[in-house]
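For the sequence shown, the working numbering begins at 110 and goes up steadily by one. C-beta atoms are modelled at their ideal positions from N, C-alpha and C, and glycine is treated no differently. Please read all numbers here as calculations on a predicted model, not as lab measurements. Take a look at the structure below.
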Amino acid sequence: MSSGDLQTDRPHSARIYDYLLGGKDNFESDRQAAEQMLKHTPGLPISMRANRRFMAKAAGFLADRGVRQFLDIGTGLPTSPNLHEVVQRIAPEATVVYVDNDPLVLTHARALLTPVGTGAVSYLDADLRQPETILEADAVAKGFDLSRPVALTLIAVLQHVIEDDPARDIIGRLMAPLAAGSALALSAVTVENDPAGAGTVRTYNQNGVPVIARTRVGVEALFSGFDLVEPGVVPVHRWKPVDADKGVDDAAVYMYGGVAFK
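Here is the structure:
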């Protein structure tokens with residue numbers, strides 16, 4: 110894969126995320142954009158780590174509730190623990206399909222495809238905005254038993270769908286063929302806890318990465334038609350907090366998250 114395919118001269122959300130988490134899969138354009146963001150929101154890495162914990166908490170919660178099929182869209186670069194590591198430690202037979210359309214994620218897909226259990230783990234190069242392409246892919250249509258519940262996880266990806274109606278439409282089309290008892294877990298950007306975060310949102314947009322910050326009510330609307338589990342839509346560190354979440358300043362967390370059942 111060439112550097113041209115990766116568009117290394119333009120910042121990319123997954124690589125910015127990687128840099129802010131201390132990773133090495135990023136380029137100068139990503140680092141410059143990230144440093145601009147840190148001027149507005151120096152606590153941004155705290156938020157990103159809290160969001161990563163939310164993914165693990167939500168996936169573990171759903172595995173504990175008996176879900177054995179996970180469709181993770183907007184996977185991003187591998188960062189331990191990956192979703193399949195969380196769920197297969199609870200349920201070794203769980204099946205996981207990762208979906209992303211970022212060439213750099215594709216180059217690292219092998220790191221995502223090492224099961225820690227007996228269940229299949231696969232990677233699909235596809236776009237969130239084309240739900241039917243995802244659902245009709247063999248990894249989903251044949252790899253899942255769609256008569257049984259599936260967990261759809263959309264972690265820190267819907268902020269890139271900046272209009273609410275298309276975001277709800279994508280969710281609806283993805284969830285429609287899934288069995289009763291299926292689940293939706295998502296997190297999305299907000300600046301309600303710290304209005305200074307609006308500067309970071311502007312930096313994303315000025316660098317060609319479309320991002321919108323939603324209110325709590327706006328994120329709750331993404332769950333319309335599904336049954337939210339307690340504590341509902343909350344800052345991600347307040348969703349079933351673990352020890353690492355305790356003491357985290359609300360103003361340093363720029364993500365709302367929630368989990369709901371169909």
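Next item on the list: Going by DSSP, name the residue or residues bridged to M364.
Entry: V298
Notebook entry, point to check: Applying the criterion that 16 or more other CB atoms from any shown protein chain within 10 Å of the CB defines a buried residue, is G228 buried or exposed?
Noted result: buried
Check: Where in the stretch 255-305 do unbroken runs of the beta strand (DSSP E), each at least 3 residues long, occur, reported from the N-terminal end onward?
Finding: 260-264, 292-298
Notebook entry, point to check: Expressed to the nearest angstrom, what Euclidean distance is found between the alpha-carbon atoms of G366 and P344?
Noted result: 6 Å
Next item on the list: Measure the alpha-carbon distance for I199 versus V205 and round it to whole angstroms.
Entry: 13 Å
Check: Roughly how many angstroms lie between the CA atoms of N191 and I182, to the nearest whole one?
Finding: 13 Å
Margin query: In whole angstroms, give me the CA-to-CA distance for R282 and L261.
Written below: 12 Å
Notebook entry, point to check: What is the residue span of the beta strand (DSSP E) that S231 lies within?
Noted result: 230-234
Next item on the list: Verify whether the separation of the beta carbon atoms of A143 and I155 is less than 8 Å.
Entry: no
Notebook entry, point to check: Around the Cβ of S189, are there at least 16 other Cβ atoms within 10 angstroms (buried) or fewer (exposed)?
Noted result: exposed
Item checked: DSSP three-state assignment for T204, whether helix, strand or coil -> strand
Check: Between which two residues does the beta strand (DSSP E) harbouring L130 extend?
Finding: Careful: L130 lies outside any beta strand (DSSP E) and carries neither H nor E.
Margin query: Helix, strand or coil, according to DSSP, for D336 in the structure here?
Written below: strand
Notebook entry, point to check: Hey, A248 and L267 are a contact pair by Cβ (cut 8 Å); roughly how many whole angstroms apart?
Noted result: The pair is not a contact, with the Cβ atoms about 22 Å apart (cut-off 8 Å).
Checklist line | Reduced DSSP category for G356 - H, G, I as helix; E, B as strand; rest coil | finding: coil
Next item on the list: From the DSSP output, in three-state form, read off Q197 for me.
Entry: helix
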